Amino acid sequence: MLFTIHKRFLSATILCMFTAIPSANAENLLELYQKAIDSDPVYLSSASKAESGQEGIAQAKAKLLPTISASASRQRSNNTSSGVQVFNGIAFPGSETTDITDTDSFQLRLSEEVYHHDSWIALSQAEKRAKQAQMSYDVEKQNLIIRVAASYFNVLAALDSLEFAQAEKESVGKQLEQTKQRFDVGLIAQTDVHEAQAKYDQATASEITSQNQVDDAYEALREITGTTSTNLARLNTTIPLVKPQPDNISDWESVAERSNINLISNQLATEIAREEIKRQFAGHFPTVDFNASYSDSSSTGTSAGLDDNNVSSKIGTGRDFAGTTVSLSVSIPIFSGGSTSSSVRKAQYDYKIASQDLERVHREVTKQTRSAFRTIIANISSIKALTQSQISNQSALEATKAGFDVGTRTMVDVLLSTTNLYNAKRTLARSRYDYVMNVLRLKQAAGILTQDDLIKVNGWLQH
1143 MLFTIHKRFL SATILCMFTA IPSANAENLL ELYQKAIDSD PVYLSSASKA
1193 ESGQEGIAQA KAKLLPTISA SASRQRSNNT SSGVQVFNGI AFPGSETTDI
1243 TDTDSFQLRL SEEVYHHDSW IALSQAEKRA KQAQMSYDVE KQNLIIRVAA
1293 SYFNVLAALD SLEFAQAEKE SVGKQLEQTK QRFDVGLIAQ TDVHEAQAKY
1343 DQATASEITS QNQVDDAYEA LREITGTTST NLARLNTTIP LVKPQPDNIS
1393 DWESVAERSN INLISNQLAT EIAREEIKRQ FAGHFPTVDF NASYSDSSST
1443 GTSAGLDDNN VSSKIGTGRD FAGTTVSLSV SIPIFSGGST SSSVRKAQYD
1493 YKIASQDLER VHREVTKQTR SAFRTIIANI SSIKALTQSQ ISNQSALEAT
1543 KAGFDVGTRT MVDVLLSTTN LYNAKRTLAR SRYDYVMNVL RLKQAAGILT
1593 QDDLIKVNGW LQH
């Protein structure tokens, strides 16, 4: 008896050491979020897209600024000509001349749009698209918080399921051994042994499945953080169960309509589509352009040759030219085959599409906000009920075991009570993670989710 007590005390001590020591070095939610910021491809891609979007403004402005270009050239031409004299039907060589000319030229050109209505609209669109790109980045920041948290708590839920599966297997194994012993002395029928064996085999299969789910959950987390984690800080069982503040679903809807980033981005998309109608209609307007150029060229040449008497001669020539040209050109579109009118109609249809997309997103945001709010309220009540359910199932199992010992309950009853207890534990653990995630999702739906919210949740972990 003394040996048994000592053995149990030693086992409990080792188990406490095993669970306590890793906690000191366990990675928490905030640490993994920081790793995800540095390595998650989706998040990093959105950051680059935000930078790329800003360049659209510079490109749109460039069309409104002057364009200056310069060109220079040097050219040499070499021409030889000869004449023929005919006397009494006989051809005699005549004079021969060689002309060599070198020409240097330089030109400076300047052009600028004086009035292109579509270019000014394009600039306004570029500015809105740049805002959209930044909003897409902000959306991915919030999505990253949700993705990391969801993956993190999926790992914890999988670990819980594995631990419960192992504990249930151990409990059923003890019951199986007890059943065999009672069968050997003739206290119970062989049917009870088969029932216990079947339940043990089922618990073994559940353990294998749970282990695979743990591995998959860790892989999903690694996909985001880029690192392999094997020891995560666990969630406290006494997390604060607080209703959303303000405790009014309409207030949260109002916040979402003002702050939800996806909703604001789609509002910008509608404005861009409306401006596109104006930009395409500007194809009917005249355009005015200013052009100026300065040209400078010089040429030098020599002409050498022999006359009819074979007397050589050489003449030098030279010429310089400089000039400036300034023009203001007006182009009035008269007919373009109906292309402009077709483009306007297409832009009008695209605007209708953008408007319907905006309405769709507005309804989705409203639904997500209301759903997250109500689910948090339900989670709080559910956790309280499931906590009591776990206590009740524990008491029921103990009572069933006692009944089995005195012969009033069967092994099937004991196995069923054991299953009910561990199902209650799994459901309670999962409901805590669901509550935490819904707190974050409500903030995301309202458009106000930040790293501070993650820091708050991180404080609910065991440190």
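Under our numbering, think of the first position of the sequence shown as 1143, with each following residue one higher. Where is the CB? At the ideal position from N, CA and C, for every residue including glycine. Since we're looking at a predicted model, the values are computed, not measured.
{"Asked": "Between the alpha carbons of Y1491 and A1192, how many angstroms are there, rounded?", "Found": "28 angstroms"}
{"Asked": "For my contact list, V1290 and Y1360 are in at a C-beta cut-off of 8 angstroms; report their separation, rounded to the angstrom.", "Found": "Not really, about 13 angstroms apart at Cβ, beyond 8 angstroms."}
{"Asked": "Following the continuous alpha helix (DSSP H) through L1169, name the residue where it begins and the one where it ends.", "Found": "The sequence given here has Glu at residue 1169, not Leu. Per DSSP, E1169 belongs to no alpha helix (DSSP H) and is neither H nor E."}
{"Asked": "Can you name the start and end residues of the alpha helix (DSSP H) that S1371 belongs to?", "Found": "Looking at the DSSP string, S1371 is not in any alpha helix (DSSP H), and its letter there is neither H nor E."}
{"Asked": "Please work out which residues of its chain come closer than 6 angstroms, Cβ to Cβ, to Q1284, disregarding the five sequence neighbours upstream and downstream, and give them in chain order.", "Found": "Q1586, L1591"}
{"Asked": "State the DSSP-derived secondary structure class of Q1249, mapped to helix, strand or coil.", "Found": "strand"}
{"Asked": "Is V1256 helix, strand or coil when you go by DSSP?", "Found": "strand"}
{"Asked": "Exposed or buried, which one is L1617 when buried takes at least 16 other CB atoms within 10 Å?", "Found": "Past the boundaries of the shown model lies residue 1617; the chain is included only from 1143 to 1605, so the question cannot be answered."}
{"Asked": "Grab me the residues of S1437's own chain with a C-beta within less than 6 angstroms of its C-beta, minus the 5 sequence neighbours each way, in chain order.", "Found": "Q1249, G1465"}
{"Asked": "Grab me the residues of L1557's own chain with a C-beta within less than 6 angstroms of its C-beta, minus the 5 sequence neighbours each way, in chain order.", "Found": "K1341"}
{"Asked": "Would you decide whether S1559 is buried or exposed? Buried here means 16 or more other CB atoms lie within 10 Å of its CB.", "Found": "buried"}
{"Asked": "In angstroms, rounded to a whole number, what distance separates the CA positions of I1381 and S1531?", "Found": "18 angstroms"}
{"Asked": "Quick check: what's the CA-CA separation for S1153 versus E1319?", "Found": "Because S1153 carries a pLDDT of 38, less than 50, the predicted location of this residue cannot be relied on, and no value is offered for it."}
{"Asked": "State buried or exposed for A1588, treating a residue as buried only when at least 16 other CB atoms are found within 10 Å of its CB.", "Found": "buried"}
{"Asked": "Rounded to the nearest angstrom, what separates E1337 and R1551 at their Cα positions?", "Found": "14 angstroms"}
{"Asked": "Nearest-angstrom Cα distance between E1197 and S1187?", "Found": "16 angstroms"}
{"Asked": "I think I1288 touches R1583, with their Cβ atoms under 8 angstroms apart; what is that distance to the nearest whole Å?", "Found": "7 angstroms"}
{"Asked": "By Cβ distance below 7 angstroms, which residues in the same chain neighbour S1469 in space, the five residues on each side in sequence not counted?", "Found": "N1433"}
{"Asked": "Do the CB positions of G1480 and S1181 come within less than 7 angstroms of each other?", "Found": "no"}
{"Asked": "Apart from the five residues on each side of it in sequence, which residues of its chain come closer than 8 angstroms, Cβ to Cβ, to K1385?", "Found": "I1518, I1519, I1522"}
{"Asked": "Quick one: is Q1422 buried, meaning 16 or more other Cβ sit within 10 Å of its Cβ, or exposed?", "Found": "buried"}
{"Asked": "My understanding is that Q1344 touches M1553, with C-beta atoms under 8 angstroms, so please give their C-beta distance in whole angstroms.", "Found": "Not confirmed; about 14 angstroms, so no contact."}
{"Asked": "So V1507 packs on L1405, CB below 8 angstroms; how close in whole Å?", "Found": "5 angstroms"}
{"Asked": "Compare the beta carbon distance of S1371 and E1169 with 7 angstroms and say whether it is the shorter of the two.", "Found": "yes"}
{"Asked": "Are the stretch 1398-1418 and the stretch 1496-1511 touching, with three or more C-beta to C-beta distances below 8 angstroms?", "Found": "yes"}
{"Asked": "Per DSSP, what kind of secondary structure is G1425 in: helix, strand or coil?", "Found": "helix"}
{"Asked": "Name the two residues that bound the continuous alpha helix (DSSP H) containing R1551.", "Found": "Looking at the DSSP string, R1551 is not in any alpha helix (DSSP H), and its letter there is neither H nor E."}
{"Asked": "For V1430, list the residues DSSP reports as bridge partners.", "Found": "Y1257, V1472"}
{"Asked": "DSSP beta-bridge partners for Q1217?", "Found": "T1245"}
{"Asked": "Tell me, which residues are paired with L1603 by DSSP?", "Found": "L1377"}
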